[in-house]
Amino acid sequence: MKSILLKASMMLLIIGSIAACSSSNNKESEKTGKEYTSAYICPMHCKGSGSDSTGTCPTCGMDYIKNDQDNK
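Read in order, the letters of the sequence shown correspond to residues 3 to 74 in our numbering.
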């Protein structure tokens, strides 16, 4: 009886782990905000930062860097 409960618990744990990892609702991968699409962006990608000209991030105070494919 103990063996059956152990196996059932392990199966539920495995199924739960697979279901949690395969979630397709990953909002973190959406990089469409101003902090990703502007010409100059904050290196920390602070929410709402970014500009079409050089400057500093209003959130963290870091200097903006030129936005290229390596920064996205």
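All residues carry an ideal CB built from backbone N, CA and C; glycine is no exception.
Where do the ends of the alpha helix (DSSP H) carrying residue i lie?
i         : result
serine 11 : 4–23
Do you know offhand how far residue i's Cα is from residue j's?
i             : j          : result
tyrosine 66   : glycine 57 : 6 Å
lysine 4      : glycine 18 : 21 Å
methionine 13 : alanine 21 : 12 Å
isoleucine 16 : lysine 9   : 11 Å
For residue i, collect the residues of the same chain with a Cβ closer than 7 Å to its Cβ; drop the 5 residues on either side in sequence, then sort them by chain order.
i             : result
serine 40     : Gly52, Ser53, Asp54 and Asn69
isoleucine 7  : One point to set straight first is that residue 7 is leucine, not isoleucine, in the sequence displayed. Result list for leucine 7: empty, nothing under 7 Å.
methionine 64 : Cys44, Pro45, Met46 and Thr58
What does a CB cutoff of less than 8 Å around residue i pick up in its chain, not counting 5 residues either side in sequence?
i           : result
tyrosine 42 : Gly52, Ser53, Asp54, Ser55, Thr56, Gly57, Tyr66, Ile67, Lys68 and Asn69
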